[in-house]
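Peer 1: After the structure tokens below, expect a handful of questions from me.
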Amino acid sequence: MKKFSGKIKEDIYNFLVGFFMGSANVIPGVSGGTMLFIMGAFGKLIETLKTIGSVETLKLLIKRDFRGLYNRIEWRFLLFLVLGTLASFATLAKLMVYLLDKHTQLTQAFFFGLIASSIITVNRQMQRWTIPAWISFAVSGAAAFAIISLVPVNTGDAWYTMVLCGAICIVAMILPGLSGSFLLLILGQYDRVWNAVGNVARLKLIPSQLSMLILLAAGCVIGLGLFVHLINYLMKHHANPTIASLIGFMIGSMPRIWPFQHSDLASMVLQKGKPVATRIVYEAPAFDRNGLLVLLCALAGFILVLGIEYFAAGRKSENQQ
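At position 252 of the sequence shown the residue is numbered 252 (our numbering), and the sequence of numbers has no breaks.
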């Protein structure tokens, strides 16, 4: 009975991990992989995906050894992780698109605080800051800042474009510090993709959106197949520089969701008939009534991550007893 109860608690926890990961992935500048890392599920997910993409698993599939496949892969973990992710998409995807459009500053402030707190929690995984770690940190930070400085473009809706978007963004969504949603924004696919995901998750099926999501899913499979073996190797053999690079990505991407910013109207250019700013102006915090509300939202995001970390640490300690 105790073992059964333990499995239920594990399932609920994995569902929550998926929910938080999915929620974070909707926001440009926020990484669902960071939530995985904080909640202690990142390594398990990478290892599970590596197992699925292994030669041994392919051999079992060819032999139609379904019992062997069931015993080899963490199906229960994946099932509740996916269910949690789908639940977040069904309840939050369209809401987040709305909040970013109608309450941009407050939403950005909340997730700015979330990322700031995430940097602290991920840094706890560092054993020590070596020269290779500092180099990885600097390179990844500069790369992240260069990416967020790109001007959004409209990449169209050709089938190969959607496959490529899926391959690129799934890696960013799982890797802590990189934001798949921000890359979708850069590629001009953010609203289109998340509106489609929100509709499908709520069982509102539109043929054109379904075909687009199938192409994205194909790209995701390709991206994961190429990615999981590399990140698994790096985390096992070069953990410190790898974690340092993740911190660099997070810090380098933070200006993207700095709440006190506005588009430079003088830098507007037309892309596909729509005005797009090529330069962003960053400002110091405003200490007025609105500024205080913004800071409170940032504090809420900061405290939320510390709460998640505390909850995850308590669960880890309980499992070790």
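Even for Gly, the Cβ is constructed at its ideal location relative to N, Cα and C. The model shown is predicted, which means the values in this text are computed figures rather than measured ones.
Answer yes if the segment 80-89 comes into contact with the segment 251-265, meaning at least three C-beta pairs across the two stretches below 8 angstroms, and no otherwise.
Peer 2: These segments do not touch.
Peer 1: What's the call for Thr107, buried or exposed, on a 16-neighbour Cβ count within 10 Å?
Peer 2: As a first step, residue 107 must be located in the sequence shown, where it is residue number 107. Classification for Thr107: buried.
Peer 1: Which residues in the same chain have their Cβ closer than 7 angstroms to the Cβ of Met21, if we skip the five residues on either side of it in sequence?
Peer 2: Here residue 21 refers to the residue found at position 21 when the sequence shown is read from its first residue. The residues are Gly32, Met35, Leu36 and Thr85.
Peer 1: Taking the straight line between their C-alpha atoms, what separation do you get for Gly43 and Thr121?
Peer 2: In the sequence shown, counting from the first residue as 1, residue 43 sits at position 43. In the sequence shown, counting from the first residue as 1, residue 121 sits at position 121. For Gly43 and Thr121, the distance between alpha carbons rounds to 16 angstroms.
Peer 1: Is the beta carbon of Cys165 sitting closer than 9 angstroms to the one on Gln127?
Peer 2: What you label residue 165 is simply residue 165 of the sequence shown in a count that begins at 1. What you label residue 127 is simply residue 127 of the sequence shown in a count that begins at 1. No, these two residues do not count as a Cβ contact at 9 angstroms.
Peer 1: Spell out the partners DSSP gives Tyr233 in its beta bridges.
Peer 2: Locating residue 233 in the sequence shown gives position 233, where the first residue counts as 1. DSSP output for Tyr233 lists no bridge partner at all.
Peer 1: Could you tell me how far apart the beta carbons of Arg72 and Thr51 are, in whole angstroms, since I believe they sit closer than 8 angstroms?
Peer 2: As a working mapping, residue 72 is identified with position 72 in the sequence shown. As a working mapping, residue 51 is identified with position 51 in the sequence shown. 6 angstroms between Cβ atoms; contact.
Peer 1: Shortest alpha-carbon distance to Ala244 belongs to which of Tyr282, Ser136 and Tyr310?
Peer 2: Numbered from its first residue, the sequence shown carries residue 244 at position 244. Of Tyr282, Ser136 and Tyr310, the residue nearest in Cα terms is Ser136.
Peer 1: In the DSSP assignment, find the alpha helix (DSSP H) that holds Glu56 and state where it starts and stops.
Peer 2: Along the sequence shown, one-based indexing puts residue 56 at 56. Val55 to Ile62 is the span of the alpha helix (DSSP H), which, as asked, contains Glu56.
Peer 1: Give me, in chain order, the residues of the same chain whose beta-carbon lies closer than 7 angstroms to that of Phe15; leave out the 5 immediate sequence neighbours on both sides.
Peer 2: For this step, residue 15 is matched to residue 15 along the sequence shown. For Phe15, where only same-chain residues beyond five positions count, the Cβ hits under 7 angstroms are Phe80, Leu83 and Gly84.
Peer 1: Examine the Cβ distances between the segment 288-307 and the segment 99-113 and report whether three or more of them are shorter than 8 angstroms.
Peer 2: They touch, by the three-pair rule.
Peer 1: Could you compute how far the alpha carbon of Thr57 sits from the alpha carbon of Leu224?
Peer 2: Within the sequence shown, the letter at position 57 stands for residue 57. Within the sequence shown, the letter at position 224 stands for residue 224. Roughly 15 angstroms between the two C-alpha positions.
Peer 1: From what residue to what residue does the alpha helix (DSSP H) around Ser149 run?
Peer 2: Numbered from its first residue, the sequence shown carries residue 149 at position 149. For Ser149, there is no enclosing alpha helix (DSSP H), as DSSP marks it with neither H nor E.
Peer 1: Give the C-beta separation of Asn240 and Ile46 to the nearest angstrom, bearing in mind that I take them to be a contact with Cβ-Cβ under 8 angstroms.
Peer 2: For the purposes of this step, residue 240 is taken as residue 240 along the sequence shown, with counting starting at 1. For the purposes of this step, residue 46 is taken as residue 46 along the sequence shown, with counting starting at 1. So it is not a contact: roughly 17 angstroms between Cβ atoms.
Peer 1: Do you know whose CA, among Met250, Val97 and Leu78, lies nearest Gly141's CA?
Peer 2: Here residue 141 refers to the residue found at position 141 of the sequence shown. Nearest option by C-alpha distance: Met250.
Peer 1: Since Asn195 contacts Val97 with CB under 8 angstroms, what's their CB separation in whole angstroms?
Peer 2: On the sequence shown, residue 195 is found 195 positions in, with the first residue counted as 1. On the sequence shown, residue 97 is found 97 positions in, with the first residue counted as 1. Asn195 to Val97, Cβ: 7 angstroms. Contact.
Peer 1: Within a Cβ cutoff of 8 angstroms, which residues of the same chain sit near Leu184, ignoring the five residues on either side of it in sequence?
Peer 2: The residue given as residue 184 occupies position 184 in the sequence shown. Taken in chain order, the residues that qualify are Pro28, Cys165, Cys169, Tyr190, Val193 and Trp194.
Peer 1: Locate the alpha helix (DSSP H) running through Asp288, then write down its first and last residues.
Peer 2: In the sequence shown, the residue the question calls residue 288 occupies position 288. Element bounds for Asp288: n/a, residue is neither H nor E.
Peer 1: Reducing DSSP to helix, strand and coil, say where Val139 ends up.
Peer 2: On the sequence shown, position 139 is the one that residue 139 refers to. Of the three classes helix, strand and coil, the one that applies to Val139 here is helix, per DSSP.
Peer 1: Specify, as a first and last residue, the run of the alpha helix (DSSP H) that Pro241 falls within.
Peer 2: To locate residue 241, count along the sequence shown from 1; it is residue 241. Per DSSP, Pro241 belongs to the alpha helix (DSSP H) from Ala239 to Ser253.
Peer 1: Taking the runs of the beta strand (DSSP E) that are 3 residues or longer, which of them lie wholly in the segment 54-138?
Peer 2: none
Peer 1: Let me check understanding here. Comparing Cα to Cα, which of Gly219, Phe260, Ile308 and Tyr282 lies closest to Gly291?
Peer 2: By 1-based counting over the sequence shown, the position of residue 291 is 291. Measuring from the Cα of Gly291, the nearest candidate turns out to be Phe260.
Peer 1: Using DSSP with H/G/I as helix, E/B as strand and the rest coil, what is Ile206?
Peer 2: As a working mapping, residue 206 is identified with position 206 in the sequence shown. In this structure, Ile206 counts as coil in the three-state DSSP scheme.
Peer 1: Taking the alpha helix (DSSP H) that Leu49 belongs to, which residues open and close that run?
Peer 2: Counting from 1 along the sequence shown, the entry for residue 49 is found at position 49. Start and end: Phe42 to Ile52.
Peer 1: Would you mind working out which of Leu99, Ala172, Trp134 and Gln105 sits nearest Glu283, comparing C-alpha positions?
Peer 2: Start at 1 with the first residue of the sequence shown, and residue 283 comes out as number 283. Among Leu99, Ala172, Trp134 and Gln105, the Cα nearest to that of Glu283 is on Gln105.
Peer 1: Around the C-beta of Thr242, are 16 or more other C-beta atoms found within 10 angstroms, so that it is buried, or is it exposed?
Peer 2: Within the sequence shown, residue 242 is the residue found at index 242, counting from 1. Here Thr242 is buried: its Cβ has 16 or more other Cβ atoms, across all protein chains shown, within 10 Å.
Peer 1: Could you tell me how far apart the beta carbons of Arg202 and Ala90 are, in whole angstroms, since I believe they sit closer than 8 angstroms?
Peer 2: The residue given as residue 202 occupies position 202 in the sequence shown. The residue given as residue 90 occupies position 90 in the sequence shown. Confirmed, Cβ separation roughly 5 angstroms.
Peer 1: Starting from the Cα of Ile12, find the closest Cα among Gly198, Arg76, Leu61 and Val281 and give me that residue.
Peer 2: Residue mapping note: residue 12 aligns to position 12 of the sequence shown, counting from 1. Of Gly198, Arg76, Leu61 and Val281, the residue nearest in Cα terms is Arg76.
Peer 1: From Leu205 to Val197, what distance separates their C-alpha atoms?
Peer 2: Position 205 of the sequence shown holds residue 205. Position 197 of the sequence shown holds residue 197. The alpha-carbon atoms of Leu205 and Val197 are separated by roughly 10 angstroms.
Peer 1: Does the beta-carbon of Leu246 have 16 or more other beta-carbons within 10 angstroms, so that it is buried, or is it exposed?
Peer 2: Position 246 of the sequence shown, counted from the first residue, corresponds to residue 246. Classification of Leu246: buried, given that the 10 Å Cβ count is 16 or more.
Peer 1: Buried or exposed: where does Val228 fall if 16 or more other Cβ atoms within 10 Å of its Cβ makes it buried?
Peer 2: Within the sequence shown, residue 228 is the residue found at index 228, counting from 1. When all chains shown are included, Val228 counts as buried.
Peer 1: Check for me: the alpha helix (DSSP H) holding Leu36 runs from which residue to which?
Peer 2: What you label residue 36 is simply residue 36 of the sequence shown in a count that begins at 1. It spans Gly32 to Ile38 - the alpha helix (DSSP H) in which Leu36 sits, taken as one unbroken run.
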